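First the structure, in the form of structure tokens, and then the observations on it.
Number of protein chains: 2
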Amino acid sequence: MMDARTIGFIGLGQMGGPMAGRLLRAGYPLVVHDARPEAAKPLLDQGANWAESPAAVARRATTIITIVPSSIEVRALLTGTEGLLSTLQPGSVLLEMTTSDPAVTRELAALVEARGAVLLDAPVSGGVKGAREGTLSIMVGGAEAVLEDVRPILGRLGAKIFHVGPVGAGHAMKLVNNVCSAAALLVTAEAVAVATRAGIDPARAVDILQVSSGRSNASDWKFPQFILTGRFDAGFAIRLMVKDLDGYARLARETGVPSLLGTAAAECYRMALARGMAEEDHTAVVRLIEEWARVQLRGGKEKSV
Amino acid sequence: MMDARTIGFIGLGQMGGPMAGRLLRAGYPLVVHDARPEAAKPLLDQGANWAESPAAVARRATTIITIVPSSIEVRALLTGTEGLLSTLQPGSVLLEMTTSDPAVTRELAALVEARGAVLLDAPVSGGVKGAREGTLSIMVGGAEAVLEDVRPILGRLGAKIFHVGPVGAGHAMKLVNNVCSAAALLVTAEAVAVATRAGIDPARAVDILQVSSGRSNASDWKFPQFILTGRFDAGFAIRLMVKDLDGYARLARETGVPSLLGTAAAECYRMALARGMAEEDHTAVVRLIEEWARVQLRGGKEKSV
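Sequence lines, in order, name chains A and B.
All residue numbers in the first sequence are consecutive under our numbering, ending with 305.
All residue numbers in the second sequence are consecutive under our numbering, ending with 610.
In structure tokens form, the structure reads like this:
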């Protein structure tokens, strides 16, 4: 019944869904689970097998991927009733691809180790497009030898795979990445709003940033794709960004590093949360700045005020 | 004595020096001036002519480029004793390439216009390397027809030339660019310091940012070139960055746009100024963050504390 190559996959959301699909199409037998069973439908249609619980996944697979919203869900998946830890087989490898809190990751890794298994943290960057196309960047924390064992699997999901450090380092690196991403998006939004009010077309301002020292992923990708178009559908919610910025703030506190820019970014996103924008895309934080500035960056026209 | 193609060039510093050199090598007769005459030496050796004052430049050229530290120097160049305005010929074109305050630029443009001449603001991005290689981005504010007339000259200096809007819009856009550049540098520095204290090699963290959503000019260029190497020689001083961030803050106030990230970036740079780092390179602000975090990002070793 069980093929040694079988992969257990838990979390079939905007990222996990397309990632699981890629593994299936690469020929890996898949046992899948999600808190919302309907999320599994497209994968089951392609031949994946359903498992009723995390425990059922760990009974049927020794390589298990988890990618869920946060450490809260990861902890529940592992330690809850019918959780992974209740049935985890010795020698299993858990690839924890959630953007998690590194302190929680280290704690959970110790529980996994106590069962004779191994946890690697392996969060990703590259968004829904990267998940679909297998071009993610993957930041791995934990035993390097184990990473070598699972590299063929990760190679189906990502174009760049980095060993970052001990367990938890991958998750720390992901938070570090996300604070850079958030701050660049916010400063670009503020600055393009200023430019627009100063009479510059916002799309032109973004064009110029793209070839100047102010360039970032915000000017190169998020503005053209999700903001200037008014689509706001990068596939990553404001509540998740707030969770990550808070995780980064905790890490900065733990490591004793002052973080002025990170704090400003977090407070900006918290304002969006306070405005009831939790479920909106993280790029939609620009709407808040548009409102403050009384401009519309989409299309470039100043709103009549 | 005067060739119609003669260009007056005032300001032969880290940017202006190599830019003037390119024009000279492209065959333009050059009349040059700088507050420090010794800065002209290499150009005079290559055939440029020296002018004793801005007024002397405007007597001998009808196309005049200015690129000096700030609007303060630009105002003095124009309105001071032996200033450009005292001798400016009707029909002259003044290309003001300094990173100036757009409000001052508009005021000076009106004085130039009153003399029957035209000012275009045309600040640049791309650093000393871009100045040397002629790959600058140039952001032009002012009459589009005049831009077309001088485009061959600007084409020797920059690879991308953008008409941004009316006079002052180029300078506004440059400030908008610089706040994006400063905020990305600072958040990357903070975040890489956190990563380093969390046990991640800083060079590895920068490698990962380069291929992830946290990427920016800071991870792609400034960290590898000027920071991880410990060179801190991008050619743009902290006091100039503070000047630009203050100019941006003024513009944000004038246009009524709240600027949380811009303010945090300005305050960070002001701390560097308070530490006596005015003349150090703007990338050396990282030293301040290294000190706070008790890490060294160059070479990646944690300092013993």
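Yeah, the Cβ is synthetic: ideal placement off N, Cα and C, and Gly gets one too.
For clarity, every value in this text was computed on a predicted model and none was experimentally measured.
Between A:Asn49 and A:Val31, the gap from beta carbon to beta carbon is short of 8 Å.
Taken through DSSP and simplified to helix, strand or coil, A:Val164 comes out as strand.
For the pair B:Gly388 and B:Pro342, the CB atoms are not nearer than the 8 Å cut-off. As summarised for the region 107-188 of chain A, the continuous alpha helix (DSSP H) elements at least 4 residues long and confined to that stretch are 127-133 and 144-157, given in chain order. Counting only Cβ-Cβ distances below 8 Å, B:Asp512 has contacts in chain A at Phe162, in chain order. With contacts defined as CB atoms closer than 8 Å, A:Leu108 and A:Arg59 fail to qualify as a contacting pair. The secondary-structure analysis by DSSP pairs A:Gly80 with nothing; it has no beta-bridge partner.
A residue is called buried when at least 16 other Cβ atoms come within 10 angstroms of its Cβ; B:Thr410 meets this threshold and is buried.
For A:Gly11, the closest alpha carbon among the candidates A:Ser86, A:Arg270, A:Gly27 and A:Ala39 is that of A:Ala39. Taken atom to atom, the span from the alpha-carbon of B:Val600 to that of B:Ala498 is near 7 Å. Within the region 489-513 of chain B, contact with chain A at the beta-carbon level (separation under 8 Å) is assigned to Ala489, Leu491, Val492, Thr493, Glu495, Ala496, Val497, Ala498, Val499, Ala500, Arg502, Ala503, Gly504, Ile505, Asp506, Arg509, Ala510, Asp512 and Ile513. Residues Ile369, Val417 and Leu424 of the same chain have their beta carbon placed closer than 6 Å to that of B:Leu399, with the five preceding and five following residues left out of the count. Neighbours of A:Ala169 in chain B, taken as residues at a C-beta separation under 8 Å, are given in chain order as Ala503, Gly504 and Ile505. Secondary structure note for A:Val295: it is in no alpha helix (DSSP H), with a DSSP letter that is neither H nor E. When DSSP states are grouped into helix, strand and coil, A:Phe9 belongs to the strand group. As computed with DSSP, B:Ile369 is found in a beta bridge with B:Gly313 and B:Leu399. Ranked by Cα distance from B:Gln394, the options B:Thr386, B:Gly421, B:Gln530 and B:Leu383 are led by B:Gly421. Assignment of A:Asp233 by DSSP, reduced to helix, strand and coil, places it in the coil class. Under DSSP, B:Val336 shares a beta bridge with B:Gly313 and B:Asn354. Between the C-alpha atoms of A:Phe162 and B:Ala500 there is a straight-line separation of about 14 Å.
Chain A places a beta carbon closer than 8 Å to that of B:Ala569, counting this residue as a contact.
The three-state secondary structure of A:Ser86, taken from DSSP, is helix. Restricting attention to B:Ala554, B:Gly473 and B:Ser375, the CA atom closest to the CA of B:Leu565 is found in B:Ala554. Judged by pairs of C-beta atoms under 8 Å, the region 323-331 of chain B touches the region 427-442 of chain B, as three or more such pairs exist. Residues of chain B with a Cβ closer than 8 Å to the Cβ of A:Ser100 do not exist, since the nearest Cβ in that chain sits about 14 Å away. Taking each of B:Ser442, B:Ala415 and B:Arg310 in turn and checking the Cα distance to B:Pro428, the smallest one comes out for B:Ser442. In its chain, beyond the 5 residues on either side, Ile138 and Ile161 have a beta carbon closer than 6 Å to the beta carbon of A:Leu154.
For A:Glu73, the closest C-alpha among the options A:Thr62, A:Gly91, A:Glu96 and A:Ala56 is that of A:Glu96.
Using a Cβ-Cβ distance cut-off of 8 Å, the region 477-492 of chain B and the region 541-551 of chain B are in contact, since at least three pairs of beta carbons, one from each stretch, lie closer than that value. Around B:Pro359, no beta-carbon contact reaches into chain A at under 7 Å, the shortest distance being about 28 Å.
Using a Cβ-Cβ cut-off of 8 Å, A:Ser86 does not count as an interface residue toward chain B, since no Cβ of chain B sits closer than that to its own. Ranking A:Ala218, A:Ala4, A:Arg25 and A:Ser100 by CA distance to the CA of A:Val286 puts A:Ala218 first. Taking a Cβ-Cβ threshold of 7 Å, the residues of chain A close to B:Val516 are Ser137 and Lys160, in chain order.
Under the 10 Å beta carbon count, B:Leu514 is surrounded by 16 or more other beta carbons and is classified as buried.
By the 16-neighbour rule on beta-carbons within 10 angstroms, B:Arg520 is buried. In the DSSP assignment, B:Ser517 forms no beta bridge with any residue.
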